[in-house]
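Just so we're aligned, residue 5 is where the sequence shown starts under my numbering, counting upward by one.
Here the structure is laid out as structure tokens; the discussion comes afterwards.
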Amino acid sequence: MKIPRMTVITLGVTDLAHATAFYREIFSTPPITQYEGVTFIPLPGVWLSLYPLEKLAEDIGEEVALPAPNSFRGFTLAYNARSKEEIIDIFTHAAEAGAHIAKAPQDTFWGGYSGYFTDPDGYYWEVAWGPMFDFTEHGDLRFKA
5 MKIPRMTVIT LGVTDLAHAT AFYREIFSTP PITQYEGVTF IPLPGVWLSL
55 YPLEKLAEDI GEEVALPAPN SFRGFTLAYN ARSKEEIIDI FTHAAEAGAH
105 IAKAPQDTFW GGYSGYFTDP DGYYWEVAWG PMFDFTEHGD LRFKA
């Protein structure tokens with residue numbers, strides 16, 4: 005059986021209260037904290053879960069290995085915007101919320117426009133716009149026909 009979709013992305017965080025406040029501001033969405041020690045932020049199509057890094061490592065059965073601050077971990081989270089102007093607005097908002105701007109939005113080699121910021125735990129977010137992308141009526145990303 006295949007996994008039909010992604011439902012939750014969990015980030016191991018060093019300070020749950022700080023990370024919760026950051027993402028509450030970024031998404032302008034009140035988090036759900038029904039389970040002690042875990043923050044869930046419901047987003048269209050997927051939830052973001054914030055869980056203390058030590059407890060996440062313990063649950064998996066791994067040792068905690070803290071990366072250097074703002075070091076690249078080999079993956080990014082992303083949001084595809086509908087315009088370059090939306091990207092500028094998002095970066096302004098992210099900076100005001102305390103994000104570190106790792107790469108200011110700029111034209112890309114692939115014909116789009118994007119930039120990167122990091123959250124308080126150093127997770128990278130790309131915010132991008134591309135002329136080859138479109139959105140369904142429900143906001144799902146797709147390639148233009």
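C-beta: ideal position from N, C-alpha, C; glycine also.
Contact between the stretch 114-121 and the stretch 92-99 is established, with three or more Cβ pairs separated by less than 8 Å. Residue environment analysis places residue 26 among the buried positions, since at least 16 neighbouring C-beta atoms fall within 10 angstroms of its C-beta. For the set 10, 144 and 12, the Cα lying nearest the Cα of residue 85 is the one of 144. CA-to-CA, the gap between residue 142 and residue 15 works out to about 26 Å.
Within its own chain, the residues whose Cβ lies closer than 7 Å to the Cβ of residue 10, once the five positions on either side in sequence are excluded, are 50, listed in chain order. For secondary structure counted as the alpha helix (DSSP H) over 4 or more consecutive residues, the stretch 55-133 holds these complete runs in sequence order: 57-64 and 88-100. Taking the Cα of residue 140 as reference, the smallest distance to any Cα among 23, 106 and 48 is reached at 48. In the structure shown, residue 9 adopts coil according to DSSP, grouped into three states. The alpha-carbon of residue 88 is positioned some 15 Å away from that of residue 113.
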